[in-house]
Amino acid sequence: MNKYNKLYLAMTDFFAGDVNRIQHFVKVHSFAKIIGEEEGLDGKTQEILEAAALVHDIGIKPAEEKYGRNEGKLQEQEGPVIAEKMLHELEFAEDVTKRVAWLVAHHHTYSHIEAPDHQILVEADFLVNFYEGDMNEETIRKTVEKIFKTKTGKGLAEDMYFGRPVKLSDTWAEEALQDLEDFIEEQGVYIRQ
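Read in order, the letters of the sequence shown are residues 1 to 193 in full-length UniProt numbering.
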């Protein structure tokens with residue numbers, strides 16, 4: 001089993017019984033992976049990004065246990081040590097582990113984002129949080145304009161939350177009807193008129 005699958009399963013075990021948190025990190029990982037690949041990250045940075053996306057919210061549980069709440073700053077405070085421990089147990093390289101811990105400690109810090117792994121992790125987390133937090137279009141638009149920098153992240157936000165008008169040909173209805181008639185004929189189904 002590869003180390004990402006091991007980390008994925010370790011995180012599902014960590015959040016066992018909490019489907020919302022498991023669904024969250026799975027979605028963030030998916031968006032981070034595609035944004036990183038489409039933006040052309042080098043292999044090492046992609047590895048760091050994907051590991052960070054899986055563990056980025058690992059501080060939620062200890063924050064809730066210690067403080068009874070889990071806001072972003074507490075996640076950043078409590079998460080890195082647990083992330084490092086998990087990554088060490090799964091034999092991630094030390095430099096990867098240290099960078100992932102740094103990203104966990106800064107994934108709710110939006111000022112001074114200078115590295116692509118940090119930028120993409122923040123964008124992927126927002127793409128999911130917009131939906132899960134049922135945010136309105138104005139808030140989403142302002143956040144995308146202010147924080148998103150990658151072409152892929154902006155494109156995903158545009159497609160998901162603002163939609164692009166569908167461009168149909170002048171004859172689209174006729175073409176669709178003809179396709180339906182052809183399909184019906186191929187299937188040997190006849191419709192009485």
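Every residue gets a Cβ at the ideal spot worked out from N, C-alpha and C, and that includes glycine. All values reported here derive from a predicted model rather than from experimental measurement.
query: Inside the UniProt domain "HD" (21–119) only - alpha helix (DSSP H) runs reaching at least 4 residues; result: 43–55, 60–67, 72–89 and 94–104
query: Length of the line joining the Cα atoms of A51 and G163; result: 30 Å
query: Contact check, K33 vs V128, beta carbons under 8 Å; result: no
query: Cβ-based neighbour list, L41, same chain, cut-off 7 Å, excluding 5 preceding and 5 following; result: L49 and P116
query: Nearest-angstrom Cα separation, counted from R69 out to I35; result: 31 Å
query: Classification of T97 by the beta-carbon crowding that lies within 10 angstroms, buried from 16 upward; result: buried
query: Boundaries of the alpha helix (DSSP H) in which A10 is found, first to last residue; result: K3 to F14
query: Contact under 8 Å by Cβ, D95 with Q75; result: no
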